[in-house]
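Q: Please see the structure below; I have some questions.
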Amino acid sequence: MALLEVDGLKTYFKTQEGTLKAVDGISFNLEKGQAMGLAGESGCGKTTAALSVMKLLPANGYIAGGTINFAGQDMSRITGDKLRAIRWRDISIIFQGAMNALNPVKRVGDQIVEPILLHEKVDEAVALKRVKELFEMVGINPNRIREYPHEFSGGMRQRVMIAMALACRPKLVICDEPTTALDVMIQAQILQLLKNLQSELELAMIIISHDLSVLAETCELLSIMYAGKIVERSSAVEVFSNPQHPYTKGLIAAFPNIKGERRMPASIAGNPPNLIHAPVGCRFAERCYMAKDLCKEQEPPLVEVLPGHFAACHFVRPQRGVI
Amino acid sequence: MARNLLEVDNLQVWFPVRKGFVESLTSKEQSFVKAVDGVSFNIKEREIFCLVGESGCGKTTTGKAILRLVDPTGGSVRYAGAGVSAAMVKEAAERALSKKLMSKEEAEKNIAEGTLEIRKLTRDKMKALRQKMQMIFQDPYESLNPKQSIYDIVAEPLVVNNLGVNEADREKRVAKALDDAGLRPPKDFMWRYPHEVSGGQRQRVGIAGALVLEPEFLVADEPVSMLDVSIRSEILKLMLDLREKKGLTYLFITHDLSVAYVFSDRIGIMYLGAIVELGPTEEVIKGPRHPYTKALISVVPKPDPRMKTEKIILKGERPDPSHIPPGCRFHPRCPFAMAICKDKEPTPMYVSQEHWVSCWLESGEAKQ
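Top to bottom, those sequences are chains A and B. Add 8 to the 1-based position in the first sequence for the numbering used here, that's all there is to it. Add 3 to the 1-based position in the second sequence for the numbering used here, that's all there is to it.
See the structure below:
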């Protein structure tokens with residue numbers, strides 16, 4: 009059994025205008041030590057999907073259906089102390105914008121000690137010793153544990169966030185846009201660190217980003233989300249070398265490639281649909297160059313095009329003997 | 004060959020560091036944050052010149068100093084747009100000469116070449132000139148006032164500059180700017196508020212605000228970095244179209260080398276307040292000469308997992324611009340640093356007609 013099995017997950021938000029279906033029936037599995045990228049435009053539900061796994065939804069958000077099976081427990085049903093015991097000990101998260109996720113008036117060391125003391129019966133000295141080890145692991149001088157967040161640069165604060173996420177030796181780490189606010193050079197440092205930690209500690213990871221090139225560098229698996237649904241999912245190499253869904257093709261084409269030919273990348277015209285009144289049929293139909301009448305009437309199922317490669321489009325057919 | 008629209012020579016923007024009371028008693032020397040420390044480049048008419056660098060390298064400050072949104076502390080910025088008349092140049096040069104802001108040679112040179120020294124203009128003259136030199140800002144989510152309608156946002160430059168004879172004329176100009184920025188039909192957008200349109204459309208509103216005064220020169224500060232990748236190239240294409248249609252010239256500021264690669268004609272790589280390499284885009288990206296440029300290019304993530312390239316990951320982070328290292332400012336992080344790099348600052352060395360690099364590795368002198 010996989011470490012994480014998400015099946016038909018639906019996460020909705022109650023808003024004044026109606027129910028917003030941010031995540032509308034997504035499924036994926038993640039094994040121990042695997043890294044999966046979750047890509048899509050802003051508002052496609054990728055962050056909501058990841059927060060649902062940890063049940064860190066805002067007050068108006070709720071899981072409306074599906075199951076989230078983590079190491080044999082259905083996360084969508086457990087609450088209270090049981091949930092608190094799993095959060096951070098087994099699943100942790102590196103939040104978007106590390107700059108602002110740390111408490112500015114607490115020493116960074118104390119902020120990392122906190123979850124260790126909450127989850128494990130150890131005294132502060134032991135916990136502090138672990139923080140020093142963690143700092144070393146993420147490449148910060150261990151003598152800096154008594155400093156405050158403002159004394160760290162952006163890249164260093166992101167390293168503190170990573171150390172904090174690893175404090176209780178979790179099995180699954182969710183990284184929400186881990187490098188979005190950082191410079192390319194720092195981004196490269198952080199991505200390398202994440203990759204090294206992942207293989208050293210056999211971590212399972214979900215990396216959320218709108219930047220396909222970041223995911224291409226870090227993940228084995230890749231899921232492409234559009235308007236609350238996964239439209240394509242396979243290994244990263246497969247998705248890049250043999251994209252099936254028109255949206256995936258569009259996204260890949262939208263990236264300028266510094267190693268490639270010098271030309272302006274294509275863009276995807278239009279905007280994603282409103283998820284309060286989501287269109288029937290294929291949600292991408294509005295913006296799709298291939299769309300026919302069928303697409304506006306019927307929702308395409310996620311079909312297995314090749315072993316382990318799924319896509320949801322009326323115009324993809326299972327391929328055999330292609331590999 | 005197209006003539007230069009803008010000539011920036013040894014531009015400096017130093018911010019004095021404020022001292023505490025005790026420090027002011029003990030040390031006499033005033034220290035500075037040298038955000039821009041001797042930057043020189045030209046931009047030709049209808050050219051897209053791109054400044055690339057990490058945050059804090061001074062690229063934005065350079066852009067602002069050219070528009071005098073911050074005051075340069077040294078160097079010169081000379082502008083020769085179609086909107087600059089010989090009479091304006093003469094008047095400005097003579098005024099600067101009489102106030103002893105400029106040497107006689109400089110004044111004569113400006114008059115002969117028809118270039119305006121931006122640094123020596125009075126505030127009023129600068130304000131008038133800024134109609135021809137506009138800026139597009141980075142964040143379309145924060146640079147637009149949420150309480151103003153799109154009409155008010157785009158019309159504001161007209162109001163500030165007292166342009167447009169009446170309300171109907173203003174509305175016509177706003178509609179034209181929106182149309183130019185691709186918000187069509189303009190009537191559908193004019194009376195809406197920023198939160199009612201998408202991110203890409205917001206950035207178009209920002210561009211319309213810059214276009215409404217019909218400028219010749221635009222400083223675009225990271226105009227696409229806050230946008231989703233899927234709509235970035237739409238905005239870039241719009242900017243290219245505007246260059247064709249209106250003959251615009253751009254200074255494009257970005258940290259994203261891959262965007263610079265597809266969009267710009269020439270590129271300048273900035274590090275810690277100075278340009279370390281400058282040349283035609285294709286030449287710099289495909290044949291970088293400075294170790295910093297090489298490292299920057301190597302770490303750009305490639306949108307293809309099959310492409311495994313060797314990365315040159317520099318250790319540490321950029322040093323503090325208030326303590327710029329002596330010699331070559333890059334030497335503490337440079338994998339190839341030699342003895343000379345610590346002592347002497349390299350001067351630009353041309354590796355081809357238009358491509359220069361500031362690095363001792365390129366110099367015969369250092370190799371001996």
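No residue lacks a Cβ here, since even glycine has one placed at the ideal position from N, Cα and C.
If you measure from the beta carbon of Phe248(A) to each beta carbon in chain B, is any gap under 8 Å?
A: Here residue 248(A) refers to the residue found at position 240 when the first sequence is read from its first residue. With 8 Å as the cut-off, Phe248(A) counts as an interface residue toward chain B.
Q: Considering only DSSP beta bridges, list what Val20(B) is partnered with.
A: One-based indexing of the second sequence puts residue 20(B) at position 17. Note: Val20(B) sits in no beta bridge, so no partner.
Q: What is the rounded straight-line gap between the Cα of Phe18(B) and the Cα of Leu124(B)?
A: In the second sequence, counting from the first residue as 1, residue 18(B) sits at position 15. In the second sequence, counting from the first residue as 1, residue 124(B) sits at position 121. Roughly 21 Å between the two C-alpha positions.
Q: In whole angstroms, give me the CA-to-CA distance for Ala277(A) and Gln204(B).
A: Residue numbering aside, residue 277(A) sits at position 269 when the first sequence is read from its first letter. Residue numbering aside, residue 204(B) sits at position 201 when the second sequence is read from its first letter. Computed Cα separation, rounded: 12 Å.
Q: Need the endpoints of the alpha helix (DSSP H) that Tyr255(A) sits in, please.
A: Reading the first sequence from its first residue, position 247 is the one you call residue 255(A). Taken as a continuous stretch (DSSP letters only), the alpha helix (DSSP H) holding Tyr255(A) covers 254-261.
Q: Can you check which of these residues, Gly86(B), Gln137(B), Val303(B), is closest to Ala196(A) by C-alpha distance?
A: Locating residue 196(A) in the first sequence gives position 188, counting from the first residue. Taking only the C-alpha atoms, the option nearest Ala196(A) is Val303(B).
Q: Are the beta-carbon atoms of Ala38(B) and Gly56(B) separated by less than 8 Å?
A: Here residue 38(B) corresponds to residue number 35 of the second sequence, with the count starting at 1. Here residue 56(B) corresponds to residue number 53 of the second sequence, with the count starting at 1. Not a contact, by the Cβ cut-off of 8 Å.
Q: Using 8 Å as the Cβ pair cut-off and three pairs as the minimum, do the stretch 223-237 of chain B and the stretch 154-168 of chain B touch?
A: The stretch 223-237 of chain B is not in contact with the stretch 154-168 of chain B.
Q: Closer than 8 Å, CB to CB, is Ala343(A) near chain B or not?
A: Beyond the ends of chain A as shown, which are 9 and 331, falls residue 343(A); an answer cannot be given.
Q: Between Ile331(A) and chain B, is there a C-beta pair that is closer than 8 Å?
A: In the first sequence, residue 331(A) corresponds to position 323, counting from 1. With a pLDDT of only 44 at Ile331(A), under 50, the local geometry of the prediction cannot be trusted, and no value is derived from it.
Q: Can you list, in chain order, the residues of its chain whose CB lies under 8 Å from that of His127(A), leaving out five sequence neighbours each side?
A: What you label residue 127(A) is simply residue 119 of the first sequence in a count that begins at 1. Correct list, in chain order: Ala93, Trp96, Arg97, Cys176.
Q: Quick one: list the residues of chain A neighbouring Glu57(B), beta-carbon separation under 9 Å, in chain order.
A: Here residue 57(B) refers to the residue found at position 54 when the second sequence is read from its first residue. By Cβ distance, chain A contributes Asp191, Val192, Met193, Ile194.
Q: Under 8 Å, with one C-beta from each stretch per pair, do the stretch 170-178 of chain B and the stretch 248-261 of chain B reach the 3-pair mark?
A: No: fewer than three Cβ pairs fall under 8 Å.
Q: Would a C-beta distance cut-off of 8 Å place Pro254(A) and Ser236(B) closer than the cut-off?
A: If you number the first sequence from 1, residue 254(A) lands on position 246. If you number the second sequence from 1, residue 236(B) lands on position 233. No, Cβ-Cβ distance for Pro254(A) and Ser236(B) is not below 8 Å.
Q: Count Cβ pairs between the stretch 353-364 of chain B and the stretch 93-102 of chain B that sit closer than 8 Å; are there 3 or more?
A: Segments in contact, no.
Q: Establish whether the CB of Leu9(B) and some CB of chain A are separated by less than 8 Å.
A: Counted from its first residue, the second sequence places residue 9(B) at position 6. It does not: the Cβ of Leu9(B) has no partner Cβ on chain A nearer than 8 Å.
Q: Between the C-alpha atoms of Gly86(B) and Ile139(B), what's the straight-line distance to the nearest angstrom?
A: Residue mapping note: residue 86(B) aligns to position 83 of the second sequence, counting from 1. Residue mapping note: residue 139(B) aligns to position 136 of the second sequence, counting from 1. Each residue's alpha carbon lies about 20 Å from the other.
Q: Tell me which same chain residues have a C-beta within less than 7 Å of the C-beta of Val31(A), skipping the five on either side of it?
A: Working through the first sequence from its first residue, we reach residue 31(A) at position 23. Hits under 7 Å: Leu17, Lys18, Thr19, Gly53, Thr56, Ala57, Ser60, Gly236.
Q: Answer with yes or no whether the minimum CB distance from Asp219(A) to chain B is below 8 Å.
A: Sequence index remark: in the first sequence, residue 219(A) carries index 211 (1-based). So, interface residue.
Q: Quick one: complete beta strand (DSSP E) runs, 3+ long, within the stretch 268-341 of chain B?
A: Segments of the beta strand (DSSP E) lying fully in the stretch 268-341 of chain B: 269-274, 277-283.
Q: Which residues in chain B sit within 8 Å of Ala286(A), going by Cβ to Cβ distance?
A: Stepping through the first sequence from its first residue, residue 286(A) is reached at position 278. Within 8 Å Cβ-Cβ: nothing; Ala286(A) doesn't reach chain B, min ~17 Å.
Q: Report all residues from its chain with a CB closer than 6 Å to the CB of Thr27(A); omit the five preceding and five following residues, and keep chain order.
A: As a working mapping, residue 27(A) is identified with position 19 in the first sequence. Around Thr27(A): Tyr20.
Q: Identify, in the order they occur along the chain, each residue of the same chain with its Cβ nearer than 6 Å to the Cβ of Gly78(B), setting aside the five sequence neighbours on each side.
A: As a working mapping, residue 78(B) is identified with position 75 in the second sequence. Excluding positions up to five away in sequence, the list reads Asp12, Asn13, Leu14, Gln15.
Q: Bridge partners of Met352(B), per DSSP?
A: Locating residue 352(B) in the second sequence gives position 349, where the first residue counts as 1. In DSSP, Met352(B) forms a bridge with Val360(B).
Q: Residues in its own chain within less than 6 Å of Phe78(A) by CB, not counting five upstream and five downstream?
A: As a working note, residue 78(A) is residue 70 in the first sequence. If we look at Phe78(A) and ignore the five residues flanking it on each side, its Cβ neighbours are Leu12.
Q: Hey, could you find the ends of the beta strand (DSSP E) His317(A) is sitting in?
A: One-based indexing of the first sequence puts residue 317(A) at position 309. Unbroken beta strand (DSSP E) run through His317(A): 317-319.
Q: Taking a Cβ distance cut-off of 7 Å, strictly less, list which residues of the stretch 145-170 of chain A are near chain B, in chain order.
A: For the stretch 145-170 of chain A, which is checked against every Cβ of chain B, the residues closer than 7 Å are Ser161, Gly163.
Q: Buried or exposed for Lys305(B), going by 16 or more other Cβ atoms inside 10 Å?
A: Translated into the one-based positions of the second sequence, residue 305(B) becomes position 302. Lys305(B) comes out buried.
Q: Counting Cβ pairs, one atom from each stretch, are 3 or more of them under 8 Å apart for the stretch 284-303 of chain A and the stretch 221-237 of chain A?
A: Result yes; three or more Cβ-Cβ pairs closer than 8 Å.
Q: With DSSP as the reference, identify every bridge partner of Glu240(A), one or two as the case may be.
A: Position 232 of the first sequence, counting from 1, holds the residue named residue 240(A). Answer by DSSP bridge pairing, in chain order: Ile232(A), Ala319(A).
Q: Measuring alpha carbon to alpha carbon, tell me which of Pro75(B), Met229(B), Leu104(B) ends up nearest Glu145(B).
A: Here the question's residue 145(B) lines up with position 142 in the second sequence. Nearest of Pro75(B), Met229(B), Leu104(B) to Glu145(B), Cα basis: Met229(B).
Q: Can you list the residues of chain A that Met310(B) reaches, using a CB-CB cut of under 7 Å?
A: Residue numbering aside, residue 310(B) sits at position 307 when the second sequence is read from its first letter. Result: Lys267.
Q: Under 8 Å by Cβ, that's how I've got Phe42(B) and Ala277(B) pegged, so tell me the actual separation to the nearest angstrom.
A: Reading the second sequence from its first residue, position 39 is the one you call residue 42(B). Reading the second sequence from its first residue, position 274 is the one you call residue 277(B). Note on identity: in this sequence residue 42(B) is Val, with Phe being the wrong assignment. That belief holds up - the Cβ atoms of Val42(B) and Ala277(B) are roughly 6 Å apart, short of 8 Å.
Q: Would you say Arg291(A) reaches chain B, if we count a Cβ-Cβ gap shorter than 8 Å as a contact?
A: For the purposes of this step, residue 291(A) is taken as residue 283 along the first sequence, with counting starting at 1. Chain B, which has no Cβ nearer than 8 Å to the Cβ of Arg291(A), makes this no.
Q: What is the rounded straight-line gap between the Cα of Glu32(B) and the Cα of Arg332(B)?
A: Your numbering for residue 32(B) matches position 29 in the second sequence. Your numbering for residue 332(B) matches position 329 in the second sequence. Their Cα atoms are separated by approximately 21 Å.
Q: For Arg115(A) versus Glu285(B), is the C-beta distance shorter than 8 Å?
A: Walking along the first sequence from the start, residue 115(A) turns up at place 107. Walking along the second sequence from the start, residue 285(B) turns up at place 282. Taking 8 Å as the Cβ cut-off, Arg115(A) and Glu285(B) do not qualify as a contacting pair.
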